[in-house]
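Participant:
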Amino acid sequence: MDKKNLKHRFKSHLYIAGFLAFITFVAACKSNNFYKAPKVSAFRGGELPAPPGMVYVPSGTILYKSSLDSGNVGKNISLSAFFIDETEVTNKQYRAFVNWVADSIAVTDYLNDDQYFLDVTGEEIGERQINWERVRKVSPLWRSNDPSIQERLAPMIVMKGSRRALNEDVVKYRFSYLKSQGNLEKEYVTDTVSVMPVEDIWSKDFPNSQLVSMDANYFTHESFDYYPVVGVTWRQARAYTDWRGKELMATLMKNSYLSGYQLTFSLPTEAQWQYAAEGKLDPRDTASGTRMTIEGEGGKKKLAVNYKQGEGTYSRDGATFTVPVKSYTPNAFGIYNMAGNVAEWTLDAYSPSAVAFVNDLNPVLLYDADQEDSDALKRKVVRGGSWKDNGEQLNSETRNYVVDYEPHSYIGFRCVMSAFEMPTSQSKTRRY
75 MDKKNLKHRF KSHLYIAGFL AFITFVAACK SNNFYKAPKV SAFRGGELPA
125 PPGMVYVPSG TILYKSSLDS GNVGKNISLS AFFIDETEVT NKQYRAFVNW
175 VADSIAVTDY LNDDQYFLDV TGEEIGERQI NWERVRKVSP LWRSNDPSIQ
225 ERLAPMIVMK GSRRALNEDV VKYRFSYLKS QGNLEKEYVT DTVSVMPVED
275 IWSKDFPNSQ LVSMDANYFT HESFDYYPVV GVTWRQARAY TDWRGKELMA
325 TLMKNSYLSG YQLTFSLPTE AQWQYAAEGK LDPRDTASGT RMTIEGEGGK
375 KKLAVNYKQG EGTYSRDGAT FTVPVKSYTP NAFGIYNMAG NVAEWTLDAY
425 SPSAVAFVND LNPVLLYDAD QEDSDALKRK VVRGGSWKDN GEQLNSETRN
475 YVVDYEPHSY IGFRCVMSAF EMPTSQSKTR RY
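Last residue of the sequence shown: number 506 in our numbering, and the count goes up by one each step with no gaps.
1. Answer with buried or exposed for Glu344, where buried requires no fewer than 16 other C-beta atoms within 10 angstroms of its C-beta.
2. My parser needs the alpha helix (DSSP H) runs of 4 or more residues fully inside the region 136 to 217; what are they?
3. Give me the Cβ distance between Tyr484 and Lys462, rounded to the nearest whole Å; I'm assuming they're in contact under 8 Å.
4. Rounded to the nearest angstrom, what separates Arg564 and Val477 at their Cα positions?
5. Can you check which of these residues, Lys253, Met230, Leu122 and Leu440, is closest to Ala180 by C-alpha distance?
6. Would a C-beta distance cut-off of 8 Å place Ser178 and Ile204 closer than the cut-off?
7. How far does the beta strand (DSSP E) with Ile231 in it extend, from its first residue to its last?
8. Which ranges does the beta strand (DSSP E) cover as unbroken runs of at least 3 residues, wholly within the region 401 to 459, from first to last along the chain?
9. Would you please state the rounded distance, in angstroms, between the beta carbons of Phe494 and Ala155? I believe it to be under 8 Å.
10. Report the option in Asp265, Asp274, Asn257 and Val212 whose CA atom is closest to the CA atom of Lys234.
11. Nearest-angstrom Cα distance between Thr420 and Arg473?
12. Determine, using beta carbons only, whether Val304 and Gly486 come nearer to each other than 8 Å.
13. In chain order, what residues of the same chain have a beta carbon less than 6 Å from the beta carbon of Gly319, not counting five sequence neighbours either side?
14. Between which residues of its own chain and Arg208 is the CB-CB distance below 7 Å, once the five residues before and five after are set aside?
15. Tell me, please, whether the region 412 to 427 touches the region 436 to 443 by the rule of three or more beta-carbon pairs shorter than 8 Å.
16. Kindly indicate which three-state DSSP category Leu88 falls into: helix, strand or coil?
17. What residue ranges within the region 308 to 357 form continuous alpha helix (DSSP H) runs of no fewer than 4 residues, ordered along the chain?
18. Is Asp265 helix, strand or coil by DSSP?
19. Starting from Met288 and walking both ways along the alpha helix (DSSP H), at which residues does that stretch end?
20. Report the three-state DSSP secondary structure of Cys489 (helix, strand or coil).
21. Quick one: using the 10 Å Cβ neighbour count with 16 as the cut-off for buried, is Thr394 buried or exposed?
22. Could you check if Thr164 is buried or exposed, using at least 16 other CB atoms within 10 Å of its CB as the buried criterion?
23. Is it right to say Lys260 is buried, meaning 16 or more other beta carbons lie within 10 angstroms of its own, or is it exposed?
24. Please state the DSSP three-state secondary structure of Gln383.
25. Quick check: the Cα distance between Pro123 and Leu468, rounded to an integer number of angstroms?
26. What do you get for Tyr335, buried or exposed, if any count of 16 or more other CB atoms within 10 angstroms of its CB means buried?
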């Protein structure tokens with residue numbers, strides 16, 4: 075074979091070897107995901123799954139007005155997304171809080187029984203931890219029929235007529251929060267709050283009415299389990315939100331989409347409350363206000379809000395006092411009774427001109443009054459109107475206030491939890 079043919083053949087072998095090496099390299103890259111183009115999914119809009127008993131409220135805008143404004147005067151403010159209770163907090167939910175506090179005190183302060191504590195191996199750090207799995211089997215301990223337990227828990231009990239009840243001076247909840255007083259430096263403080271609602275609040279609010287049966291049964295009897303809790307102060311409501319947050323987060327940490335996040339639980343701010351009540355994303359939307367009626371049988375309108383229809387007229391909406399928290403029709407966000415039933419505590423301190431100086435993004439006016447402060451500094455915003463209020467109080471923009479230590483038979487509350495911004499359909503991926 076001549077040199078020319080040999081050289082040609084050698085080059086052919088080199089080309090083939092090079093091509094095979096390239097194919098091998100490409101295959102290796104594919105097997106190691108180096109060659110694959112990243113897969114990108116277009117965003118189609120959506121919402122974050124809500125924790126049990128709550129609904130997701132996406133970010134939006136409302137027209138925010140103060141008590142001094144009239145007409146459409148005010149300013150637009152925006153709220154980032156949050157979760158809110160779909161109903162007012164019920165007697166059953168609040169009783170669970172009271173019993174948890176009572177069980178904690180019973181175990182740690184009075185019983186000191188090893189069976190109610192977790193076994194600690196090695197060196198003990200801090201206080202002993204309660205074995206809640208064991209305690210829940212016999213909860214509430216203060217209702218136990220065991221004579222030895224009754225004897226040791228005697229300081230926790232008072233007699234109300236012929237029935238045993240918890241001593242409000244003993245059953246207290248301790249929690250810490252970031253104290254705010256205007257421009258003063260914020261600091262963490264610890265507060266201790268008696269958690270028992272005022273059960274005879276009905277007779278106290280209406281002294282010339284026959285409401286003894288409501289006093290004796292409303293908070294304690296199972297037939298009122300799903301009615302809104304009343305007789306709770308603003309400070310008690312805030313204590314409940316602290317406890318509820320800790321209890322709920324223990325459950326949520328088992329959920330993949332929220333595990334690992336630090337989420338806060340509180341009363342709704344005044345702006346959050348108004349936005350959730352209006353059930354619309356934009357103040358220009360026409361579907362606004364409170365739906366006072368729904369279509370009934372034969373096309374006849376029926377009242378869909380629990381309020382006072384006129385002087386001495388309470389029952390045309392189906393109830394004289396409160397109604398179960400899932401009565402009537404939920405609003406566009408899926409929230410029940412934002413108007414009527416019971417008025418609701420919000421997080422904000424009251425100022426008639428608050429709208430003028432709060433931020434236009436997630437506004438809130440915080441002021442934690444000291445015990446010796448005047449009542450003017452202890453006023454908290456109440457929204458929504460109640461079963462004993464007339465229709466004018468049901469407007470989502472109407473503002474009222476009550477001092478933070480005063481309970482009433484017509485004021486309850488619901489909770490909010492922080493959420494993450496989920497782009498809505500407005501920002502979904504589109505083709506040009």
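Yeah, the Cβ is synthetic: ideal placement off N, Cα and C, and Gly gets one too.
Please read all numbers here as calculations on a predicted model, not as lab measurements.
Facilitator: Looking at the coordinates:
1. Translated into positions along the sequence shown, residue 344 becomes position 270. The Cβ neighbour count for Glu344, taken over all protein chains shown within 10 Å, is at least 16; the residue is labelled buried.
2. Within the region 136 to 217, the complete alpha helix (DSSP H) runs of at least 4 residues are 165 to 179 and 206 to 210.
3. On the sequence shown, residue 484 is found 410 positions in, with the first residue counted as 1. On the sequence shown, residue 462 is found 388 positions in, with the first residue counted as 1. Indeed they touch by this definition, with Cβ atoms about 5 Å apart.
4. Outside the modelled stretch of the chain, which goes from 75 to 506, sits residue 564, for which no answer is possible.
5. On the sequence shown, position 106 is the one that residue 180 refers to. When each option's Cα is compared against that of Ala180, the closest is Met230.
6. Here the question's residue 178 lines up with position 104 in the sequence shown. Here the question's residue 204 lines up with position 130 in the sequence shown. Taking 8 Å as the Cβ cut-off, Ser178 and Ile204 qualify as a contacting pair.
7. In the sequence shown, the residue the question calls residue 231 occupies position 157. According to the DSSP assignment, Ile231 belongs to the beta strand (DSSP E) that extends over Ile231 to Lys234.
8. Counting only runs of 3+ residues, the beta strand (DSSP E) found wholly inside the region 401 to 459 occupies 417 to 423 and 453 to 457, in chain order.
9. Here the question's residue 494 lines up with position 420 in the sequence shown. Here the question's residue 155 lines up with position 81 in the sequence shown. With 8 Å as the limit, Phe494 and Ala155 qualify as a contact, their Cβ atoms being about 7 Å apart.
10. Your numbering for residue 234 matches position 160 in the sequence shown. Out of Asp265, Asp274, Asn257 and Val212, the CA that lies nearest to the CA of Lys234 is found in Asp274.
11. Counting from one through the sequence shown, the residue named residue 420 turns up at place 346. Counting from one through the sequence shown, the residue named residue 473 turns up at place 399. Straight-line measurement puts the Cα of Arg473 at about 11 Å from the Cα of Thr420.
12. For this step, residue 304 is matched to residue 230 along the sequence shown. For this step, residue 486 is matched to residue 412 along the sequence shown. Result yes, Cβ atoms of Val304 and Gly486 sit closer than 8 Å.
13. The residue labelled residue 319 in the question sits at position 245 within the sequence shown. So the list reads Phe339, once near-sequence residues are dropped.
14. Here residue 208 is taken as the residue at index 134 of the sequence shown, counted from 1. Correct list, in chain order: Gln189 and Tyr190.
15. Enough Cβ pairs lie closer than 8 Å, so yes.
16. Along the sequence shown, one-based indexing puts residue 88 at 14. Any reading at Leu88 is ruled out, since the residue's pLDDT is 47, under 50, leaving its predicted position unreliable.
17. Fully enclosed alpha helix (DSSP H) runs of 4 or longer: 308 to 326 and 344 to 352.
18. Here residue 265 corresponds to residue number 191 of the sequence shown, with the count starting at 1. Reduced to three states, the DSSP call for Asp265 is strand.
19. Here residue 288 is taken as the residue at index 214 of the sequence shown, counted from 1. The continuous alpha helix (DSSP H) containing Met288 extends over residues Val286 to Asn291.
20. Locating residue 489 in the sequence shown gives position 415, counting from the first residue. If DSSP states are grouped into helix, strand and coil, Cys489 belongs with coil.
21. Taking the first residue of the sequence shown as position 1, residue 394 is located at position 320. An exposed status is given to Thr394, since fewer than 16 other beta-carbon atoms sit within 10 Å of its beta-carbon.
22. In the sequence shown, the residue the question calls residue 164 occupies position 90. Residue environment analysis places Thr164 among the buried positions, since at least 16 neighbouring C-beta atoms fall within 10 angstroms of its C-beta.
23. Counting from one through the sequence shown, the residue named residue 260 turns up at place 186. Per the 10 Å Cβ criterion, exposed.
24. Here residue 383 refers to the residue found at position 309 of the sequence shown. Gln383: coil per DSSP, three-state reduction.
25. One-based indexing of the sequence shown puts residue 123 at position 49. One-based indexing of the sequence shown puts residue 468 at position 394. So the two alpha carbons sit approximately 29 Å from each other.
26. Indexing the sequence shown from 1 puts residue 335 at position 261. By the neighbour-count definition (other C-beta atoms within 10 Å, threshold 16), Tyr335 is an exposed residue.
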